[in-house]
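Q:
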DNA sequence: TCGTTAATGGACATGATGTCCATTATTGGG
DNA sequence: CCCAATAATGGACATCATGTCCATTAACGA
């Protein structure tokens with residue numbers, strides 16, 4: 001374990017971390033998650049390997065920050081757009097994924113890694129849970145429905161990123177809402 | 192790459208492979224996919240490491256066979272039960288997963304590995320695709336719906352395996368069909 | 001300016017991978 | 001039942017990644 005984490009304010013620290021992040025993205029893009037080592041990241045970032053370990057324990061840990069950024073960005077965007085209705089996050093997330101299509105494909109494609117997917121899954125589950133909190137009032141089924149919807153969303157998004165389906169983000173979002181609406185109906189306590 | 196694969200009929204080969212399979216399952220159960228090495232498998236199976244490599248290139252490759260077995264077992268079971276209607280595979284798969292609950296949890300839990308999940312995902316996608324072939328006649332949306340349904344199924348199943356939800360397989364299956372039925376309705380070409 | 005703190009790179013220990021080979025045993029067909 | 005064919009074995013190697021440690025150097029900012 002790192003004995004002491006470098007203080008965030010120092011310029012050197014910021015420079016180092018930024019360099020590592022950028023190198024990470026670059027490497028994910030052209031090799032996929034599993035096919036590069038900490039050493040590779042350091043080489044690309046022009047940072048000493050021992051330096052890496054004073055900041056992060058892992059490749060994974062280096063990745064985490066990025067996902068947290070995404071999460072807050074989505075929350076902010078959603079709040080700003082003021083769109084009502086459940087599952088409003090989908091639009092922003094789909095758009096972002098399409099903008100970063102190459103990166104997302106690298107992350108979910110054959111050369112991907114476990115961590116990445118798990119993190120993303122957690123992100124989506126959290127978003128779905130929050131958005132459905134109001135809609136599905138009661139019952140143990142709540143978690144089941146959340147799982148159902150989140151899983152459906154993730155796979156639909158993944159599908160939409162693949163080459164064969166040249167589908168615009170808005171269409172994907174519309175499709176998602178079309179398909180999911182009746183589910184929410186069915187999941188509502190039988191009134 | 193292995194120069195020559197051992198002929199399947201030889202008793203020694205069968206014994207070796209069986210031992211390796213069993214060791215693999217045992218290790219997955221008590222350490223999770225990532226936390227053991229080829230060496231560990233060999234030790235547990237009491238097989239020389241060099242022997243391992245004459246049969247398989249990887250841990251992964253060793254795993255593959257098991258999934259193929261599962262697939263054919265499901266197909267056979269479904270055919271035997273003669274249950275009609277789309278997505279009939281779900282019942283059998285859910286039951287199997289619940290019977291092998293510990294194993295499935297080890298495979299999908301925090302200590303899991305990428306390969307495992309991907310393989311399982313492929314399995315489910317295949318099943319969903321086949322079962323929906325008749326139901327969703329036309330359109331490019333077909334693949335989207337398959338992804339939607341498969342993703343939903345996988346996550347619902349995963350949810351049902353977790354401790355908190357003590358849900359019987361039949362209930363899970365019923366829930367799945369309840370939730371998915373309206374989706375299939377919505378996905379049908381607008382008649 | 002100067003004390004503090006980060007970066008550096010090289011050295012180590014460790015452990016996994018995959019390959020190769022000479023030797024030993026088991027096997028199954030003739 | 002014997003023997004040629006083929007698996008299994010285990011140890012040796014080369015390679016590579018990981019994580020830790022340290023003495024030295026450079027950059028920072030108060």
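Residue numbers (the numbering used here), protein chains in the order written: chain A, 1 to 191; chain B, 192 to 382.
C-beta: ideal position from N, C-alpha, C; glycine also.
Source: prediction; values computed, not measured.
1) Run through chain A and tell me which residues come within less than 9 Å of residue 349/B, C-beta to C-beta.
2) Taking residue 374/B as the query, report the chain A residues whose CB atoms sit under 7 Å from its CB, ordered along the chain.
3) Work out the CA separation of residue 274/B and residue 77/A for me, nearest whole Å.
4) DSSP on residue 89/A, reduced to helix/strand/coil?
5) Beta-carbon separation of residue 149/A and residue 180/A under 9 Å?
6) Taking Cβ positions, are residue 282/B and residue 272/B nearer each other than 9 Å?
7) Please report how far the alpha carbon of residue 123/A lies from the alpha carbon of residue 28/A, in whole angstroms.
8) If we ignore side chains and look at the alpha-carbon of each, how far apart do residue 1/A and residue 136/A end up?
9) Out of 33/A, 30/A, 26/A, 51/A, which has the shortest C-alpha to C-alpha gap to residue 14/A?
10) For a test of the three-state rule: what should DSSP assign to residue 201/B, helix, strand or coil?
11) Around the Cβ of residue 347/B, are there at least 16 other Cβ atoms within 10 angstroms (buried) or fewer (exposed)?
12) In chain B, which residues lie less than 7 Å from residue 154/A when you measure between Cβ atoms?
13) Name the two residues that bound the continuous alpha helix (DSSP H) containing residue 156/A.
14) Would you kindly work out how many angstroms separate the C-alpha atoms of residue 118/A and residue 11/A, rounded to a whole number?
15) Please check if any C-beta of chain B sits within less than 9 Å of the C-beta of residue 41/A.
16) Going along chain A, which residues have a C-beta under 8 Å from residue 332/B?
A: Taking the geometry as given:
1) As a first step, residue 349/B is located in the second chain; it is residue number 158 there, counting from the start. Here the neighbours are 147, 151.
2) The residue labelled residue 374/B in the question sits at position 183 within the second chain. Those are 179, 182, 183, listed as they occur along chain A.
3) Position 77 of the first chain, counted from the start, is the residue given in the question as residue 77/A. Position 83 of the second chain, counted from the start, is the residue given in the question as residue 274/B. Using only the alpha carbons, I get a separation of about 47 Å.
4) If you number the first chain from 1, residue 89/A lands on position 89. Helix.
5) Counted from its first residue, the first chain places residue 149/A at position 149. Counted from its first residue, the first chain places residue 180/A at position 180. Taking 9 Å as the Cβ cut-off, residue 149/A and residue 180/A qualify as a contacting pair.
6) Walking along the second chain from the start, residue 282/B turns up at place 91. Walking along the second chain from the start, residue 272/B turns up at place 81. In contact: residue 282/B and residue 272/B (Cβ atoms closer than 9 Å).
7) To locate residue 123/A, count along the first chain from 1; it is residue 123. To locate residue 28/A, count along the first chain from 1; it is residue 28. Approximately 20 Å, taken between the alpha carbons.
8) In the first chain, counting from the first residue as 1, residue 1/A sits at position 1. In the first chain, counting from the first residue as 1, residue 136/A sits at position 136. A caution first: residue 1/A carries a pLDDT of 46, below 50, which makes its placement in the model unreliable, though a value can still be read off. Spanning the two alpha carbons is a distance of roughly 43 Å.
9) The sequence position of residue 14/A within the first chain is 14, counting from 1. Residue 14/A has its Cα closest to that of 51/A, out of 33/A, 30/A, 26/A, 51/A.
10) Taking the second chain and counting its residues from 1, one reaches residue 201/B at position 10. In the three-state scheme derived from DSSP, where H, G and I count as helix and E and B as strand, residue 201/B is classed as coil.
11) Here residue 347/B refers to the residue found at position 156 when the second chain is read from its first residue. Answer is buried; the Cβ neighbour count reaches 16.
12) Taking the first chain and counting its residues from 1, the one referred to as residue 154/A is at position 154. 342, listed in chain order.
13) Along the first chain, one-based indexing puts residue 156/A at 156. Boundaries of the alpha helix (DSSP H) around residue 156/A: 141-161.
14) Residue mapping note: residue 118/A aligns to position 118 of the first chain, counting from 1. Residue mapping note: residue 11/A aligns to position 11 of the first chain, counting from 1. Near 32 Å, if we compare the C-alpha coordinates of residue 11/A and residue 118/A.
15) For the purposes of this step, residue 41/A is identified with residue 41 of the first chain, where counting begins at 1. No, its Cβ sits nowhere closer than 9 Å to a Cβ of chain B.
16) Along the second chain, one-based indexing puts residue 332/B at 141. Those within 8 Å of residue 332/B in chain A are 175.
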